[in-house]
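Numbering (my numbering), first residue to last: 4 to 697.
We put the beta carbon where it would ideally sit given N, CA and C, even for glycine.
The structure under discussion appears below in the form of structure tokens.
Below you can see the structure in the form of structure tokens.
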């Protein structure tokens, strides 16, 4: 089985010479060789990269802005030298003078390739802007926010009893609201005297009581009953999602997100740790990138809600340990080697400004949920807070599906946790026609087992591709590629239809009986959509795509199975799929692939963005913070990186759905064809279609 067959995009310009350079575009991962002197915009067009341009490359519209990266990139096998991109030209200088270019940005139509390059295409420069699916789920939260409003009357100054205005405010808050030992940052002290005098010695203050000492974070003259705002942020390795919440009611008034710009330093966590190890300023560069992105997200989400970003008084963060350390400006190198030690695993409460965040209120406070262990972070803790496995009567397996999957297994008696390095394939990366979830991306797939003909749905339309009005409805976006949920369903449907054997090998046209199985090198690919006649893309599922999905799903299954071994069980009572991607996975297709252990399908459910829900709970409730801090202390961490059984489970899980596990619940609803394909067979290819259940 040729698992490493390059995709079409890997072969673009494969005739390497001294006049050519390798260009890698992130976050898509698309790469290829282009002639030196080619503009970044033209290189993107040659390689099928989603880079916008309205002015046609004249340097007027600025839609093609990109961010080049320099240094060592072992994941891509290249070194990017400082001179690998042409110097600024007069067009860029003029544009920067008149309109301004963000630091590190270049105009793709003007910057030219001079050597091997890694180039990030920010979300604002992509034609098909991402649809971030980490929407806030409806959840009742008992409101007890750390930041609250207090109206207070303060004694006027008295020459006979001289004291500072702040000292008299402190005394008033202690007497009227039982808030002793108040402290205030300089940014609020500067507002104090004008507010007291304008309000006639009556003011409304916002005080954060999350830490041992209450902190004054904002002040208004007189009585102020307007809302105060907080942000709950799920900082994922691929996607950053935020929910703007009214701290008085808990209402989510806006949810938004963007891609984590750290992707250009590495798609997975260990690649980013390696980047920090290989480059002296690597960790600092990644910290700066994510902090800039968080400020951008804060501004954008507030603009969507019509709220000044300055009015955000508190932020809560959940993330995996590597993101946690990079956000705080801590080098993550220790997380890349045993014993995977965290600099700090407990919950943190600190000024947002200390984290380099400047878009919110200058006095805004930040709370970071505790991490469970070196590879299981605050995002898993947030899932535990939201889904409460420690309160469950039955045994529940909770899988937060992402680039690095967090897995919880437990009930009232015991809770176990581990992480599993699934990689970005589930989110559309490392897939030949893959893309992030955006309008035009294929998200649902069905294949007729008799004809092997596919039909599909794309993001932005509820119609299937065989609907007569499908083409009209998607005329604006077209079909652009396939996202994570789409590739999961496509691979599972190929297995159900007999196009794919249990080993993951795609059959040829003679073996499968369909011309949609087309040669690709020494293997075959399945044509899902061919829009080339209308100027659209060719969307195929290649052998390389199958391999990427096999590796990801095997890691996921092996992690879950390892926890089940530790718990001493062969089956769980129910399965909860969490995360932005988990919310869109079809339980049946996940089971066909063998992503999760066998279970009754009616006991497999989606929890939506459970980590984001946990972050909102912590934002709106001090009791929730104390609860998760106590819960984390009782969770048992299983380290997959050093557990030999993980590799055993991983290898067995490479088969679709599994090499040895019988999957009896799945066989009740799906009969998988017993086919076998190999390149050495004849016309029938070994593809005899014996039917069996399982």
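Segment limits, beta strand (DSSP E) that includes residue i
i, result
"residue 580", "577-581"
"residue 112", "Element bounds for residue 112: n/a, residue is neither H nor E."
"residue 520", "520-523"
"residue 445", "444-450"
"residue 421", "418-423"
"residue 370", "368-371"
"residue 258", "255-262"
"residue 169", "Here residue 169 belongs to no beta strand (DSSP E); instead the alpha helix (DSSP H) covers 168-180."
"residue 408", "408-413"
"residue 403", "399-403"
"residue 82", "81-83"
"residue 354", "351-354"
Residue i burial status per 10 Å Cβ neighbour count (16 or more: buried)
i, result
"residue 3", "The first residue shown for the chain is 4 and the last is 697, placing residue 3 beyond what the model contains."
"residue 30", "buried"
"residue 226", "exposed"
"residue 25", "buried"
"residue 511", "buried"
"residue 145", "exposed"
"residue 21", "exposed"
"residue 263", "buried"
"residue 181", "exposed"
"residue 2", "Nothing in the structure corresponds to residue 2, since the chain is present only between 4 and 697."
"residue 553", "buried"
"residue 252", "exposed"
"residue 381", "buried"
"residue 233", "buried"
"residue 667", "exposed"
Beta bridge counterpart(s) of residue i as assigned by DSSP
i, result
"residue 205", "156"
"residue 71", "122"
"residue 533", "541"
"residue 35", "26"
"residue 223", "207"
"residue 246", "235 and 258"
"residue 608", "579"
"residue 310", "For residue 310, which the question treats as bridged, DSSP gives no partner whatsoever."
"residue 147", "624"
"residue 460", "447"
"residue 526", "523"
"residue 42", "115"
Integer-rounded CB distance, given that residue j should sit under 8 Å from residue i
i, j, result
"residue 341", "residue 379", "No, residue 341 and residue 379 are not in contact; Cβ-Cβ is about 15 Å, not under 8 Å."
"residue 298", "residue 360", "6 Å"
"residue 596", "residue 660", "6 Å"
"residue 368", "residue 218", "6 Å"
"residue 199", "residue 407", "Not really, about 50 Å apart at Cβ, beyond 8 Å."
"residue 434", "residue 446", "Contact doesn't hold; Cβ gap of about 13 Å is too wide."
Terminal residues of the alpha helix (DSSP H) in which residue i lies
i, result
"residue 615", "613-623"
"residue 22", "Looking at the DSSP string, residue 22 is not in any alpha helix (DSSP H), and its letter there is neither H nor E."
"residue 645", "Careful: residue 645 lies outside any alpha helix (DSSP H) and carries neither H nor E."
"residue 487", "487-499"
"residue 473", "473-476"
"residue 325", "324-331"
"residue 512", "512-515"
"residue 390", "381-390"
"residue 671", "Residue 671 -> no alpha helix (DSSP H), and no H or E assigned at all."
"residue 596", "590-596"
"residue 602", "Residue 602 -> no alpha helix (DSSP H), and no H or E assigned at all."
"residue 556", "546-570"
"residue 101", "93-101"
"residue 267", "Looking at the DSSP string, residue 267 is not in any alpha helix (DSSP H), and its letter there is neither H nor E."
Below-8 Å beta-carbon distance, residue i vs any chain C residue
i, result
"residue 576", "Protein chain content of the structure displayed is limited to a single chain, and chain C is not contained in it."
The ligand GTP heavy atom lying under 7 Å from the CB of residue i
i, result
"residue 546", "The ligand GTP is not among the ligands present in this structure, which contains no ligands whatsoever."
Open item on the list: Within 8 Å, do at least three Cβ pairs link the stretch 594-611 to the stretch 661-673?
Closed with: yes
Open item on the list: Within 8 Å, do at least three Cβ pairs link the stretch 474-489 to the stretch 535-555?
Closed with: yes
Task: Given 8 Å, three or more beta-carbon pairs between the stretch 607-625 and the stretch 633-653 - done: no
TODO: Spell out a yes or no on whether the stretch 309-323 and the stretch 369-388 are touching, meaning 3 or more CB-CB pairs, one atom from each, closer than 8 Å.
DONE: yes
Open item on the list: Tell me whether the stretch 67-81 and the stretch 280-293 touch, counting them as touching only if at least three CB pairs, one residue from each stretch, are closer than 8 Å.
Closed with: yes
Open item on the list: Could you check whether the stretch 640-650 touches the stretch 575-594, counting it as contact only if at least three pairs of C-beta atoms, one from each stretch, sit closer than 8 Å?
Closed with: no
- [ ] Could you tell me whether the stretch 408-420 touches the stretch 512-530, using the rule of 3 or more Cβ pairs below 8 Å?
- [x] no
Open item on the list: Check whether the stretch 566-575 and the stretch 394-410 touch, using three or more Cβ-Cβ pairs below 8 Å as the test.
Closed with: yes
Open item on the list: For the stretch 107-121 against the stretch 48-64, do three or more pairs of beta-carbon atoms, one drawn from each stretch, fall closer than 8 Å, so that the two count as touching?
Closed with: yes
Open item on the list: Count Cβ pairs between the stretch 233-241 and the stretch 199-217 that sit closer than 8 Å; are there 3 or more?
Closed with: no
Open item on the list: Closer than 8 Å is the cut-off here; do at least three beta carbon pairs connect the stretch 41-49 with the stretch 94-112?
Closed with: yes
TODO: Determine, using beta-carbon pairs with one atom in the stretch 436-454 and one in the stretch 492-511, whether at least three such pairs fall under 8 Å.
DONE: yes
- [ ] Evaluate the contact criterion for the stretch 160-173 versus the stretch 88-97: three or more CB pairs, one atom per stretch, below 8 Å.
- [x] no
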